[in-house]
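Inspection log for the structure reproduced underneath, given as structure tokens.
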Amino acid sequence: MELRHLQHFVAVAEDQHFTRAAERLMVSQSGLSASIRALERELQTPLFVRTTRRVTLTEAGRALLAEAERILAQVRAAHEAVAAVQGVLRGTLTVGAEQCIAGVNVAELLAAFRRLHPDVEIRLRQWGSAALAEEVAAGRLDLAFAYRTEADPDQLRSVPLTAEPMTVLCHPEHRLARAGLPLTPAGLAGEVFVDFHPDWGPRRATDAAFAAAGVRRTVALEVNDVHSLLDLVDENLGVAVVPRHFRHKREALTALPLKDTGEAAYETVALVPSPRATSPAARALMSLLDHGGA
């Protein structure tokens, strides 16, 4: 099995189209098709279902994709390790992060990294924590800053960043704001909630807090960005349970502490691959984080 066959296979899987993949790889479409056929012959199974509009992965193709991405990530790490030994950090650093993650100033950290390592291309991807963990495990991200996750230690390491309690945000004319008292999950039963999609860290922390208290809740207004959440609360359309540092993002809203949540808290981590799969650029970024971004 040749490395270029795996590179070609991953490109077609990502683009779901031979022509687009060939253009991105800067190879001929006939050459790309021949490469995929050679891989299918070697594995003795079809990897794609081909139609006139696009191609999709077979079950065997899906199984190969995860392994191919990990192999290619390790090959990139090997090339970058050799360059690092020679005294030059090169290649690409692909970082993932949730919006407004606590415990790290992502923009400041990346800026400091660029000043120290100008030959490394930086890429940033923003998703929810569940997707970020999958991307790091698959080798598509070098590391990510996310909500804590139950990680497979053979694929991911979780490096703690910070932990903080959850806070209730509501409109200042809301009855909860007028009472001005600390709240519990039970005291919020029946409220209309604004929250993020289920794979976001704050949503996971809130769900865990209410589950620990044995209280069911329904999220009526579900969003995928921080400003939309704050806007909905600002219009008194619902209340939001968020990490405590969110209270500084919209000073006009009322912030009330949430108690009786057991051990549930908003804990953020850096998700890093296993040591053998961690790229030199990712190690350099983590070292910079350990030294306060200086």
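Numbering (UniProt numbering), first residue to last: 1 to 294.
Glycine included, each C-beta is placed from N, C-alpha and C at the ideal position.
Keep in mind it's a predicted model, so treat the numbers as computed, not measured.
- Relative to the Cα of G139, the nearest Cα in the group D290, P275 and S287 belongs to P275.
- Looking at the DSSP output, S158 shares a beta bridge with L271.
- For G96, the uninterrupted beta strand (DSSP E) segment begins and ends at G91 to A97.
- Contact between V223 and V168 is ruled out by a C-beta separation of about 17 Å, above the 8 Å threshold.
- Around the beta carbon of L116, fewer than 16 other beta carbons lie within 10 angstroms, which makes this residue exposed.
- For D199, the number of other beta carbons within 10 angstroms of its own is at least 16, and it is reported as buried.
- Here the alpha carbons of A177 and R54 stand approximately 53 Å from one another.
- Judged by DSSP secondary structure, L110 falls within the alpha helix (DSSP H) whose first and last residues are V106 to L116.
- Using a Cβ distance threshold of 8 Å, V136 and E69 do not count as a contacting pair.
- Per DSSP, reduced to three states, the secondary structure at Q16 is coil, with no helix or strand assignment.
- In the same chain as Q74, and ignoring 5 residues on each side of it, the C-beta atoms closer than 8 Å to its own belong to G139, R276 and A277, in chain order.
- For D119, the secondary structure class from DSSP, reduced to helix, strand or coil, is coil.
- At the C-beta level, V242 and P182 stay beyond 8 Å of one another.
- Distance from the CA atom of A38 to the CA atom of V215, rounded to whole angstroms, is 56 Å.
- Note that the C-beta distance between E108 and A146 is not below 8 Å.
- Judged by beta-carbon spacing, A189 lies beyond the 8 Å limit of T261, meaning their Cβ atoms are not closer than that value.
- L64 and L57 have their C-alpha atoms some 10 Å from each other.
- Annotation: the stretch 6–76 contains the following complete segments of the beta strand (DSSP E) (minimum length 3 residues), in chain order: 48–50 and 55–57.
- Considered as a whole, the stretch 207–236 harbours 219–223 as its complete beta strand (DSSP E) runs of no fewer than 3 residues, in chain order.
- Rounded to the nearest whole angstrom, the C-alpha separation of A102 and E164 is 9 Å.
- Contact check for V226 against C100 passes: the beta carbons are separated by less than 8 Å.
- Residue state for V192 is assigned as coil, using DSSP reduced to three classes.
- By the 16-neighbour rule on beta-carbons within 10 angstroms, L47 is buried.
- Beyond the five residues adjoining it in sequence on each side, R76 comes within less than 8 Å, by CB distance, of G91, T92 and S279 in the same chain, given in chain order.
- Distance between S158 and S30, taken at the CA atoms: about 43 Å.
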